[in-house]
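Chains A and B supply the protein sequences, listed in that same order.
264 is the number that the working numbering gives to position 264 of the first sequence; each next residue is one higher, with no gaps.
521 is the number that the working numbering gives to position 96 of the second sequence; each next residue is one higher, with no gaps.
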Amino acid sequence: MKLLNKSLRYLLISLFFIIGIWSVIFYFRLLNEIKGSVDEGLENYKRQIVHLAQKDTNILRQHSFEEGFYAIKEIDSNYAFSFRDIYVDTLMYMQDNDDENMELEPVRQLTTAFERNGKYYKLTIINSMVEEDDLVQDLIWEAVGLYLVLILSIAFINNFVLQKLWEPFYLLLEKLKNFQLGKSEIPVVPTNVKEFEDLQIALKSLLINSNQTLEKQKEFIGNASHELQTPLAIAIHKLELILEKNKLDNEQAEQIAEILNIIERLTKLNKSLLLLTKIENNQFINNEDLILNDTFKQCLDEYEELLEYKNIQVELIENSELKLNIDPALAQIIASNLIKNAIVHNVENGILKIEFKDQQLIVSNSGKKVALDGTKIFDRFQKSNQEQGGSGLGLAILKAICNIYGYQVSYNFKNELHNFEITFR
Amino acid sequence: MKILIIEDELRLLQTLTESLAKEKYIIETASDFNTAMDKIGIYDYDCILLDIMLPGGSGLDILKELKRQEKSQNVIIISAKDSIDDKVAGLELGADDYLTKPFHTAELNARIKAVLRRKNLDGKNSIEIGNVELDLLNRELKVNNENVALNRKEFDILNYFLLNKNRLITKSALAERVWGDHIDQADNFDFIYYQIKNLRKKLQQANAHIEIEAVYGVGYKLVEK
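Here is the structure:
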């Protein structure tokens with residue numbers, strides 16, 4: 001979820017409650033205020049009516065509300081003396097101008113008592129009140145309106161502010177996405193925001209550190225290879241010289257040849273390990289757009305004689321063109337390791353099937369009629385048998401390449417064929 | 426033919442000298458940066474084998490110096506570093522070839538010959554031994570001026586043998602040539618044997634005056650009959 005949406009979500013939820021609670025409080029305060037002012041009006045009427053009643057006895061004859069907004073009733077003195085002004089909310093049949101028939105409408109009613117010429121009267125005055133349900137409805141609509149306006153304006157402002165304020169952050173992020181250790185410059189984005197400055201400083205020291213580590217590692221690999229390769233070279237040359245001198249009997253020569261083979265295996269092992277380390281250290285990435293189908297076809301071409309020799313039938317099924325952005329040297333290693341693997345572990349008169357599907361490649365070969373352990377097959381030094389003299393690193397190298405590009409590689413055994421699948425998504 | 430070997434590892438220097446001496450080259454050696462600089466300043470060489478990591482300086486600086494003196498042709502870098510950057514830098518500075526240690530004697534020999542042939546190319550791009558002529562440009566084999574059909578691998582193998590006449594080529598050196606410079610998952614020596622068998626048959630049928638001999642079961646050797 002984007003930062004913008006996330007902050008908006010929190011605001012949305014909190015504003016909902018804030019406005020909700022605020023509306024309830026506002027409603028009660030408003031109602032209170034209205035009642036207060038209606039009560040003041042009623043109090044006013046009371047004074048007027050009591051005042052008028054002193055002069056005009058007609059008023060005293062109004063016993064019900066039918067003609068007006070007040071009613072007067074005579075009461076006894078005891079009752080009158082215990083009387084206090086009472087304000088109540090009540091309902092009364094009335095016809096407002098927006099009603100078709102008489103309806104129960106809320107009214108505010110003041111009941112009081114007064115004295116005139118020694119007689120006591122109860123006075124009831126009413127005043128129509130605001131209809132609470134109307135008020136609530138209006139208020140809810142107002143609150144919803146306010147909520148929407150707030151959210152829209154906050155979204156707008158937030159968007160603008162985020163884009164403006166966070167611009168250095170997004171710039172930095174973009175640069176980091178394209179960052180490659182040991183290749184790219186350390187990203188710098190101009191900003192005067194303290195947090196972003198701190199972020200850049202932290203990032204810079206981290207990247208410098210990583211760069212140094214990578215450099216050291218490269219140097220180590222270079223040195224290690226130098227230290228190992230040179231003695232190996234000397235041993236190979238010395239043994240070749242001895243063999244060339246032609247002064248050995250057969251048994252001695254065979255033993256020397258054996259040593260030579262062992263040293264050569266060591267050499268290959270060393271080279272493979274170096275390659276694997278290099279791939280895992282991302283020291284290869286000079287990506288280019290290429291079509292993997294072509295790489296495989298070239299590779300098949302290279303092994304044409306060997307395929308013929310083992311009489312392996314090659315089946316090339318091209319259902320799609322696999323366009324990849326990959327280092328060409330690594331693409332070649334993928335092709336040659338898969339094809340070589342399929343040739344070496346194949347049987348005479350066997351099958352090699354290469355199938356290009358949409359974003360998928362399947363290399364299948366006949367061979368031993370038993371499934372291999374799919375969980376271990378891509379590990380280092382996993383060999384089906386010793387006699388092939390392979391380094392046991394071919395598939396581990398394949399897996400390492402797939403890892404750096406995010407391809408999925410898997411193995412299965414179906415219809416007596418060993419299948420290696422790479423999915424390029 | 427005068428060859429200078431610049432290599433700091435003395436034992437390697439010694440075996441290389443011994444091995445190349447068989448090709449009747451005049452060989453001089455330098456085992457550090459300053460000696461090497463002195464020698465290239467004074468003498469001219471037909472071919473220089475150059476190690477990159479040297480005590481006292483980098484082989485790349487020697488290349489620069491050679492380039493400045495306009496002598497940079499015919500340098501083969503022999504380095505333990507199989508680094509693409511170094512390879513590119515070396516070739517850009519005018520080196521002719523780049524060989525990663527460890528290498529087979531036969532491979533070095535073939536590379537030196539290739540470099541020398543390029544230098545002394547008298548309008549001719551073929552190797553001739555006895556009645557055999559290998560046309561490198563058209564990739565054709567002629568025995569007594571008659572074409573002998575070879576497949577690609579057979580041609581490569583024969584070419585390798587002709588460059589290493591009378592020298593032992595081990596099976597693994599051949600395998601490396603034939604399989605290419607990839608990391609080997611397996612060297613199928615049977616395949617090599619099969620190719621050699623075919624090649625021998627073809628040479629015999631064409632009455633070629635060369636022969637591929639097996640040496641102890643370790644490798645092969647091409648000799649003139």
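Cβ coordinates follow ideal geometry from the N, Cα and C atoms, glycine included.
Residue i burial status per 10 Å Cβ neighbour count (16 or more: buried)
i: A:Leu-257; result: First, the amino acid is wrong: residue 257 of chain A is Ala here, not Leu. Under this definition A:Ala-257 is a buried residue.
i: B:Leu-588; result: buried
i: A:His-63; result: exposed
i: B:Ala-633; result: buried
i: B:Leu-628; result: buried
i: A:Tyr-121; result: buried
i: A:Arg-29; result: exposed
i: A:Glu-288; result: exposed
i: A:Tyr-93; result: exposed
i: B:Gly-644; result: buried
i: B:Ser-597; result: buried
i: A:Lys-245; result: exposed
i: B:Pro-527; result: buried
i: B:Leu-475; result: buried
Residues near residue i by beta carbon distance below 6 Å, same chain, minus five either side
i: A:Ile-59; result: Leu-52 and Ala-53
i: A:Arg-84; result: none
i: A:Pro-168; result: Val-189, Thr-191 and Phe-196
i: A:Asn-412; result: Asn-419
i: B:Leu-599; result: Ile-617
i: B:Ala-505; result: Lys-526
i: B:Gly-515; result: Ile-502 and Tyr-523
9 Å Cβ cutoff, residue i in contact with chain A
i: B:Gly-642; result: yes
i: B:Glu-453; result: no
i: B:Pro-480; result: no
i: B:Glu-517; result: no
i: B:Glu-434; result: yes
i: B:Asp-650; result: Checking the sequence, you will find Lys at residue 650 of chain B rather than Asp. Answer no: the Cβ-Cβ gap between B:Lys-650 and chain A never drops below 9 Å.
i: B:Lys-512; result: no
i: B:Arg-564; result: no
i: B:Arg-577; result: yes
i: B:Phe-616; result: yes
i: B:Leu-647; result: no
i: B:Ala-535; result: no
i: B:Arg-625; result: no
i: B:Ala-539; result: no
i: B:Ile-428; result: no
Residue-level contact to chain B via CB, residue i, 9 Å cutoff
i: A:Thr-191; result: no
i: A:Gln-212; result: no
i: A:Lys-175; result: no
i: A:Tyr-411; result: no
i: A:Thr-277; result: no
i: A:Ile-285; result: no
i: A:Lys-310; result: yes
i: A:Thr-267; result: yes
i: A:Glu-421; result: no
Neighbouring residues, chain B, relative to residue i (Cβ below 8 Å)
i: A:Asn-261; result: Ser-597
Own chain partners of residue i with C-beta closer than 7 Å, once the 5 adjacent residues on each side are dropped
i: A:Lys-46; result: Leu-110, Thr-112, Leu-123 and Ile-125
i: A:Gln-386; result: Model confidence at A:Gln-386 stands at a pLDDT of 47, short of 50, so the residue's coordinates are unreliable and nothing is read from them.
i: A:Pro-328; result: Glu-288 and Leu-290
i: A:Leu-206; result: none
i: A:Leu-12; result: Ile-151
Amino acids of chain B, ordered along the chain, whose beta-carbon sits closer than 7 Å to that of residue i
i: A:Glu-219; result: None at all; the shortest Cβ gap to chain B is about 11 Å.
i: A:Glu-264; result: Ser-597
Under 7 Å from the C-beta of residue i: neighbouring residues of chain A
i: B:Thr-440; result: Ile-234, His-237, Lys-238 and Leu-241
i: B:Lys-526; result: Gln-229, Thr-230 and Ala-233
i: B:Tyr-619; result: Tyr-309
Chain A residues whose Cβ lies nearer than 9 Å to that of residue i
i: B:Ser-444; result: His-237, Glu-240, Leu-241 and Glu-244
i: B:Arg-602; result: What B:Arg-602 touches in chain A: nothing, since even the nearest Cβ is about 12 Å away.
i: B:Thr-530; result: Ile-236, His-237, Glu-240, Leu-241 and Glu-244
Closer than 8 Å at the beta carbon, the chain A residues around residue i
i: B:Leu-475; result: Under the 8 Å cutoff, chain A gives no residues; its nearest Cβ is about 15 Å from B:Leu-475.
Neighbourhood of residue i by C-beta, 8 Å cutoff - its chain only, sequence neighbours within 5 removed
i: A:Leu-232; result: Ile-263, Leu-266, Thr-267 and Asn-270
i: A:Val-38; result: Arg-108, Asn-127 and Met-129
i: A:Val-380; result: According to the sequence as given, residue 380 of chain A is Arg; it is not Val. Contacts found: Leu-276, Gly-392, Leu-393 and Ala-396.
i: B:Glu-443; result: none
i: A:Gln-180; result: Asn-282 and Ile-285
inquiry  = With three or more C-beta pairs closer than 8 Å as the rule, is the segment 286 to 306 of chain A touching the segment 329 to 337 of chain A?
reply    = Contact between the segment 329 to 337 of chain A and the segment 286 to 306 of chain A is present, with at least three C-beta pairs closer than 8 Å.
| message | With three or more C-beta pairs closer than 8 Å as the rule, is the segment 433 to 448 of chain B touching the segment 389 to 408 of chain A? | response | Result no; under three Cβ-Cβ pairs closer than 8 Å.
Pairing CB atoms from the segment 355 to 362 of chain A with CB atoms from the segment 309 to 319 of chain A, are three or more of them under 8 Å? A contact exists between the segment 355 to 362 of chain A and the segment 309 to 319 of chain A.
Any chance the segment 258 to 266 of chain A sits against the segment 233 to 246 of chain A, with 3 or more Cβ pairs inside 8 Å? The answer is yes - the segment 233 to 246 of chain A touches the segment 258 to 266 of chain A, with three or more Cβ pairs under 8 Å.
Cβ contact check for the segment 563 to 581 of chain B and the segment 510 to 522 of chain B: 3 or more pairs under 8 Å
Taking a cut-off of 8 Å for Cβ pairs, the segment 563 to 581 of chain B and the segment 510 to 522 of chain B do not touch, as fewer than three such pairs fall below it.
Open item on the list: Using 8 Å as the cut-off, can you tell me whether the segment 11 to 22 of chain A makes contact with the segment 73 to 82 of chain A, which would need three or more C-beta pairs spanning the two stretches below that distance?
Closed with: The segment 11 to 22 of chain A vs the segment 73 to 82 of chain A: no contact.
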